[in-house]
Structures are given as C-alpha cells and as structure tokens.
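Enquirer: Counting from 88, one number per residue, gives the positions in the sequence shown under our numbering.
Note that the Cβ used here is the ideal one computed from N, Cα and C, for glycine as well.
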Amino acid sequence: MYVGFSSSTGQLVQSHFVLGWSFQLDGKAPELDLSKLSFFTGKEQSKRKGRDPLVVGLSIAGVVLLIIATISILVILWRRKKAEFTEILEDWEVQYGSHRFSYKELFEATKGFSEREFLGKGGFGKVYKGVLPGSNVQVAVKRISHNSKQGMKEFVAEIGTTGQLRHPNLVRVLGYCRGEKELILVYDYMPNGSLDRFLYSKVGVILNWNQRFKIIKDVALALTYLHEEWAEVIIHRDIKASNVLLDGELNAKLGDFGLARCSKHEQDLQTTHVAGTLGYIAPELARSGKPTPSTDVYAFGAFCLEVACGRRPVEQKTSAKEMILVDWVYSFWMEGKILSTMDPKLDREWKAEEAELVLKLGLLCSHGVAEGRPRMSQVLIYLKGQAALPENLNAHVKAQEGRGDSENHAILCYSSPSLTITNSLISVGR
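Below, the structure written as structure tokens:
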C-alpha cells in the first residue's frame, strides 16, 4: 500500500503546499482541526523566488570574470608574441635599403616553418621552401640564429654584400625580416638544390661532363663579377660545392655570402679572422687570416678539381697520400696520367681537352704562392678557350713553395693556436 500526493499543472508554473493531513492505518482517520493549521501567506514562496536572482547574478558574474581573465591572458600572450617580432629599424637597414618582409608573410609562405618545407641546414641557420602569398613566387627562407653574434654578422653581411648585386650566376637576396628574436633572409628558390647533392649521389642523378663544365664556367663568371666588375671588391671566402646552387635548368649560382667581405679596389681588406672550409683555404690565409681575391682563386681551384674528380678536397677516410685532393691530382700529373683522376661515375664520357684544362687549371689556381695564381678574369679566358694555359705550366706549378705540404697545411687549419678557427666556421666538405 502506498500513500502520497501528486499534482499536475500542465504548461503552467505553480507551487502547491500541503498545510496538514490526517492518516490512520487501521481505521477512520481523525478529522483535521483547520484552526490549528498554519496560515499560508505566500511569503515563503516570495522568499524562495527572491533567492533565484541572487544565484543567477552570481553565476553571471562568475562567467564574466572568467571571460575577462581569459581575454587578459590572450592579450598578454599576443603582446609578447608581437614584441618578439617588433620591427627595429637600424642605420644599416636604411643604408642598404633591401626589401623588408613581414613575419606574417614568411610564416604563411612556409606554412608556419613546417618541417615538410624544410630544405636543409646551412651556415648559421635552417632553410625552408616558401611560396609568397598573393604572388605565388617560390622562395628559399633562411632563419638565422639570433642568439650568436656571428649569426647577426652573417645576416648583415648577406644583406650588405648581395642585396644590390644583380648577376645571373649569383643567388639573389630578395629581402629580409628582422624582429627582436628573429633574423630571416629570403632568396631565390633553387629547385635543384646544392651541387654537392649531385656530386656525391645524394639525389641519384649523375651530372654529365657538359653540365659540370658549364657549372665551373658559371662559378668563374660569378667570381669575376665579384672581384673585378662590381663597384667594390667582394671576397666570398667560402667557395665550395655546397654553396653552389642549381636552378631548374642546372644553371649554377653562387650563394651563401655570410662570410663575404667588401673592400675598395686597390685597397686591402683589414681582417685577421680565418674563415672558410678545410681544403679550400689558401696557405697564406691560414697563416695570416687575411683574405684576398687570390684566396678565393685558391678555393676555386679546389672546387674545379672537386667537380672534375667527384671527390672532396679533403678525404679523411683515405690514405695520407690520397687525403688531399690537390696533391693527389698533382701526383698523377707528374706521372703523365692526369685524366686518371676524373670521376669514374662519368664512365670516361668527357672531352679530353676540356677535362685536362679543368684539372690543370685547378692545380694552377691552387698554387701554393698567391702571386702564382691567375686572376679570375684570366681564368675565365682559359675556360672560354680564348687563350691556352702557359707552356711552362708544369715547371710553374712544380716550383711553388710548399708543394707536398698540403697535408701539413690541412692539419695547421685544425691545430694552430695562433688562429681563430671554430667548427662553426670550418667544416670538412660540408
């Protein structure tokens, strides 16, 4: 048996109160004395209704405070992020006048610097592929480490030395972005990447001799322009296969001017800081730390041999006799077998005259004495076939000081306490 009350008001909102009731389990329930029942005035209901707005008000206030706190946190984070990329205009930016990109543009271009767009790691920074919003122009975007002083020096050097250069065999710097904690350079995009990827079979494609010979001439054109045709003398200081980039048609363009330095024509560059890559550093540069156009010529000579032979200038995993590429090629020349040093991947498909020219020119440019090296304009004349190499070339190269000391020179670049050389500046066949 169940006893209780129920009521229904349908869609109406009403309150029902039980003021009293009488119940008897085994008989007639006694009648209620209505005079003794409490009198309902409706105040109880008013008090209950009065509490509802208070609860609602407190709830609304809590939600509003939560929203305000959330917005405040977001504003603080946004201001910090904005401060990170606050544009700072310095004197050198006004002087060079290069195009300045916004961080937002480059962030969108690289899809947030996605790892999928990552191209590789160069000197002092990572490089990403990007597509500029609006124009759909493909670019290479290099983020430079802002923490190191060297990173800032490279950043300014690249803008200052290449921002206004225009040559078909130089990688163009299209602009830059600079914030409080970010340094970014924007270049022409080179779809085929760096030359070393082809020389050392990282892409599964072998460059034929015609392509290699043209690449050597392209780099010679670029260096002739930098040394002799621009308003100032620009010394690259880091010529090597990984700094030669190839466009879609395998035209070579010299890039990475982070170590480059400028000077007036007929004026010496005042620096004693050795920079470069082991195997490309001229002996006098290792001793004095003073770069000249001739030290670039030395590096170009090593580059010529590298492209022709398919070997790095310094091979650490070989015997001492074969470790230094210049000495190795020279020894074959002395035996009358210089063409035996050509890259075996070419399968002997080369023009003998051109191959011999490149190998001998590489040795001439790698002369141990700076005065024994030709100027880049003369190198270009040889490569174009407008003049023959000197008849006494053998005696000229053989007479150089330090022939056979290249290995000691390589060790010097690592161990001399009088030189300021670090792994960030000198790497083996990077």
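Of the residues Leu112, Ser146, Leu145, Leu106, which one's Cα is nearest the Cα of Ser122?
Expert: Here the closest residue by C-alpha is Leu106.
Enquirer: Evaluate the contact criterion for the region 328-347 versus the region 295-304: three or more CB pairs, one atom per stretch, below 8 angstroms.
Expert: Flag = yes, the region 328-347 and the region 295-304 touch.
Enquirer: Alpha carbon to alpha carbon, how far is Tyr190 from Leu450? Give it in angstroms, no decimals.
Expert: If you take the alpha carbons of Leu450 and Tyr190, they lie about 46 angstroms apart.
Enquirer: Excluding the 5 residues flanking Leu124 on each side, which residues of the same chain have their C-beta closer than 8 angstroms to its C-beta?
Expert: Contacts found: Leu106, Gly107.
Enquirer: Which runs of the beta strand (DSSP E) fall wholly inside the region 308-347 and span at least 3 residues, in chain order?
Expert: Within the region 308-347, the complete beta strand (DSSP E) runs of at least 3 residues are 320-322, 331-333, 339-341.
Enquirer: Under the DSSP definition of a beta bridge, which residues are partnered with Asp414?
Expert: Asp414 is not bridged to any residue.
Enquirer: Enumerate in chain order the residues of its own chain whose CB-to-CB distance from Gln354 is below 7 angstroms, with the five nearest sequence positions on each side excluded.
Expert: Caution applies to Gln354, whose pLDDT of 47 falls short of 50 and renders its modelled position unreliable; the value that the coordinates give is listed next. There are no such residues.
Enquirer: Have a look at Glu537 and Ile271 and give me their C-alpha separation to the nearest angstrom.
Expert: Nothing can be reported for residue 537: it is not among the residues displayed for the chain, which extend from 88 to 517.
Enquirer: Return yes when the Cβ of Phe285 is within less than 7 angstroms of the Cβ of Ile326, no when it is not.
Expert: Contact flag unset, no.
Enquirer: Note the first and the last residue of the continuous beta strand (DSSP E) segment covering Gly212.
Expert: Unbroken beta strand (DSSP E) run through Gly212: 212-218.
Enquirer: Would DSSP call Gly207 helix, strand or coil?
Expert: DSSP places Gly207 in strand when its eight states are reduced to three.
Enquirer: Rounded to the nearest angstrom, what separates Ser102 and Thr96 at their Cα positions?
Expert: Going from the Cα of Ser102 to the Cα of Thr96 covers about 9 angstroms.
Enquirer: The alpha helix (DSSP H) spanning Leu446 covers which residue range?
Expert: Unbroken alpha helix (DSSP H) run through Leu446: 439-452.
Enquirer: On the three-state DSSP scale, how would you describe Tyr89?
Expert: Tyr89: coil per DSSP, three-state reduction.
Enquirer: State the Cα-Cα distance for the pair Glu494 and Met277, rounded to the nearest angstrom.
Expert: Caution applies to Glu494, whose pLDDT of 43 falls short of 50 and renders its modelled position unreliable; the model cannot decide the point.
Enquirer: Ordered along the chain, which non-local residues of its own chain (more than five positions away) have a Cβ less than 6 angstroms from that of Cys396?
Expert: Closer than 6 angstroms at the Cβ level, and outside the excluded window around Cys396, lie Thr428, Asp430.
Enquirer: If we define contact as Cβ-Cβ less than 7 angstroms, is Glu440 a contact residue for chain D?
Expert: Among the chains of the structure shown, chain D does not appear; only one protein chain is present.
Enquirer: With a cut-off of 8 angstroms, do at least 3 Cβ pairs link the region 460-469 to the region 311-321?
Expert: In short, these stretches touch, since the Cβ pair count reaches three.
Enquirer: Does the Cβ of His186 have 16 or more other Cβ atoms within 10 Å, making it buried, or fewer, making it exposed?
Expert: With fewer than 16 Cβ atoms within 10 Å of its Cβ, His186 is classed as exposed.
Enquirer: Suppose contacts are defined by Cβ-Cβ distances below 7 angstroms. Is Val258 in contact with Asp283 by that definition?
Expert: No, these two residues do not count as a Cβ contact at 7 angstroms.
Enquirer: Is the beta carbon of Val214 sitting closer than 7 angstroms to the one on Leu206?
Expert: Closer than 7 angstroms, so yes.
Enquirer: Grab the span of the beta strand (DSSP E) containing Ala474 for me, first residue to last.
Expert: It is not in any beta strand (DSSP E) - Ala474 carries neither H nor E in the DSSP assignment.
Enquirer: Measuring only the C-alpha atoms, how far is Leu252 from Ile158?
Expert: Roughly 48 angstroms separates the two Cα atoms.
Enquirer: Alpha carbon to alpha carbon, what distance is there between Ser418 and Asn479?
Expert: Going by the C-alpha atoms only, they are around 17 angstroms apart.
Enquirer: Taking the straight line between their C-alpha atoms, what separation do you get for Val306 and Phe387?
Expert: Each residue's Cα considered, the two are about 8 angstroms apart.
Enquirer: For Gln225, I'd like the list of residues in its chain whose CB is within less than 6 angstroms of its CB, leaving aside the five on either flank, ordered along the chain.
Expert: Within the same chain, Gln225 has close Cβ partners Val218, Tyr276.
Enquirer: According to DSSP, is Leu372 part of a helix, a strand, or is it coil?
Expert: Helix, per DSSP.
Enquirer: Quick one: what's got a C-beta closer than 8 angstroms to Glu436's C-beta in the same chain, skipping five residues either side?
Expert: Taken in chain order, the residues that qualify are Asn295, Trp296.
Enquirer: Leaving out the 5 sequence neighbours to the left and right, which residues in its chain are closer than 6 angstroms to Ser94 when beta-carbon positions are compared?
Expert: Closer than 6 angstroms at Cβ, skipping near neighbours: His103.
Enquirer: In its own chain, which residues sit with a C-beta less than 6 angstroms from the C-beta of Pro220, not counting the 5 before and 5 after it?
Expert: Glu195, listed in sequence order.
Enquirer: Could you name the residues that DSSP lists as bridge partners for Ala227?
Expert: Ala227 pairs with Lys216, Tyr274.
Enquirer: How big is the Cα-Cα spacing for Gly199 and Val228?
Expert: Whole-angstrom Cα-Cα distance: 12 angstroms.
Enquirer: By the 10 Å Cβ neighbour count, where 16 or more other Cβ atoms means buried, how is Trp420 classified, buried or exposed?
Expert: The residue is buried, with at least 16 neighbouring Cβ atoms inside 10 Å.
Enquirer: Could you give the DSSP three-state label for Arg265: helix, strand or coil?
Expert: Three-state DSSP puts Arg265 in a strand.
Enquirer: Thinking C-beta only, is Leu333 closer than 7 angstroms to Gly342?
Expert: The answer is no: Cβ separation not under 7 angstroms.
Enquirer: Which residues does DSSP pair with Val260 in a beta bridge?
Expert: In the DSSP output, where bridge partners are listed per residue, Val260 has Tyr274.
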